[in-house]
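So for the sequence shown, my numbering puts the first residue at 5; every next one is plus one. Input: a single structure, listed below in structure tokens.
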Amino acid sequence: MSGFVGHGRAQVTLPEELVTVDGHLTAILDQLPTPEPIELRLSDALGLVLAEDVVSEVTVPAWANSAMDGYAVVAADLEGATVDAPRRLPVVGEVPAGRPEITSLAAGRCVRIMTGAPLPAGADAVVPVEQTSGARDSVAFHVAVAPGAHVRGAGEDLRPGQPLTTAGRRLGPADIGLLATAGVTRVVCIPPPRVVVLSTGDELVPAGDTPGPGEIRDANGPMLAAMVRAAGGVPFSAGIVRDDHTSLAHALDTNLGHADLFVCTGGASAGTRDLLPDVLAALGDVSAVKVAMKPGMPQIRGRVAGRTVIGLPGNPVSAYVSFEVFVRPAIRRLQGRRDVQRPLVTATLAEALHAPPGKRGYARVRLHRDGAGWTAAPTGPQGSHVVTSIALADGLAVVPEDVDQIPAGAPVQVHLLID
Ligand code: AMP
Ligand code: MG
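What follows is the structure in structure tokens.
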């Protein structure tokens, strides 16, 4: 972040009680368990990290075959053929893909052949139909061909013992295709982590209910479950829990069992109903901390009954940003991924951004690409309750701890919210 030095540089000392964003993230990642691989069907493995090397046991193509629709020939038969002086050969049959009935070809003849069909023994080249008269019984060839022309050789793609993919690789659609080609139908991967999401707050009602006086709809529950799914985890929505010791303790007790990670929101700060730190601390090894960031200062981390718990602030923007900064990396680590962070891009700021000295600011921005590169423009009011401005954002612009503002026109690092 040293690139920002000189822009509104602040003389700051971190207040004693604050922990850094990186310190809190490291503490969370350090307490995660090592994920256990399982064997699953190839069709279920997209996006998962492979836990072992996979080597081809087969040869692909298994046999020489045609790369074109045309005629299989003995190349020497067509020596000197041109449009004006074509060579004519009798057609002795046809080989469609998957129908290897014609297994050999003698010199002086040809066979109609389709793309992917086995090349008859004796043939050594294919002439595309476009370079012939295209007839059925006797065909005129307008070109000479070199041996091997339009033939896909056996083993050109894969040979036994050749690595297909290695442990640690996250399987994409092309890996699935490659493994299927080699006949691999089961793979050993890190399964998607199960993430329980719990909203806490006396004021919350489910989104489908009409809020009574002083009540609001639970935004965080559905949003965080969606973020878990988008991050590649399996969300488990534990609903809404009241701000009282018994309900909170019961919710933890009943939900921790199906969690690789437990994420709750609300009740983490200094209000009289912010009971979560106390309840969690009574059950396990948990710290409520103030993180030097805006939005998102009050955070909880710890372990309860062998499970990692992350507590996020209740304001939806704070919860969203905190998920990006702390929960997504934890989910990626539980997926066995080494790249726990989403990419950062450098963009030019369209409007000045401010953040309190000593804290890392995250501003919701929309990215545009023009001839000069990326530009980042704030999406609107940046209050931590303004949900509309998250929905418009495709990035979080970062104002580092050691500056209190970045002026318009200056470069800024943007954490991408889009894949
Ligand atoms: P808290 O972290 O519990 O002090 O809550 C901070 C603010 O976020 C308050 O205005 C809450 O009403 C609001 N809030 C807490 N939880 C949620 C939620 N699940 N959905 C929407 N807003 C919430
Ligand atoms: Mg609350």
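Even for Gly, the Cβ is constructed at its ideal location relative to N, Cα and C.
Quick check: the Cα distance between V59 and G270, rounded to an integer number of angstroms? 49 angstroms
Would you say the region 232 to 249 touches the region 278 to 289, given that touching needs at least three Cβ pairs under 8 angstroms? yes
Taking just the CA atoms, how far does K294 sit from E21? The straight-line gap from Cα to Cα measures roughly 7 angstroms.
The beta strand (DSSP E) enclosing I42, as first and last residue numbers: 42 to 45
From this set, H254, R368, V418, which residue's C-alpha is nearest P347's C-alpha? Minimum Cα distance to P347 is reached at V418.
Simplified DSSP assignment, three categories, for N69: strand
Please go through the same chain and pick out, in chain order, the residues whose beta-carbon is closer than 7 angstroms to the beta-carbon of P215, but skip the five residues on each side of it. So the list reads V209, R221, once near-sequence residues are dropped.
Buried versus exposed call for L357 [16 or more other C-beta atoms within 10 Å across all chains shown]: buried
For Q427, three-class secondary structure by DSSP: The requested residue 427 is not part of the displayed model; the chain covers only 5 to 423.
Sequence ranges, beta strand (DSSP E) only - wholly within the region 361 to 397, length at least 3: 364 to 374, 377 to 382
Take G157 as the anchor and find which of L33, V130, V199 has the nearest alpha-carbon. V130
Does DSSP put Q135 in a helix, a strand or coil? DSSP places Q135 in helix when its eight states are reduced to three.
Measure from the alpha carbon of P299 to the alpha carbon of each residue in E355, E56, V325, P65, then state which is nearest. Of the candidates E355, E56, V325, P65, V325 places its Cα closest to the Cα of P299.
When you compare each of D206, G243, V200, G413 to G237 by their alpha carbons, which one comes out closest? V200
Give the DSSP-derived three-state secondary structure of I180 in the structure shown. helix
Just grab the DSSP bridge partners of L420 for me. According to the DSSP secondary-structure assignment, L420 is paired through a beta bridge with G399.
Would you check whether the ligand AMP has a heavy atom nearer than 7 angstroms to the C-beta of T269? Yes - the ligand AMP has a heavy atom lying nearer than 7 angstroms to the Cβ of T269.
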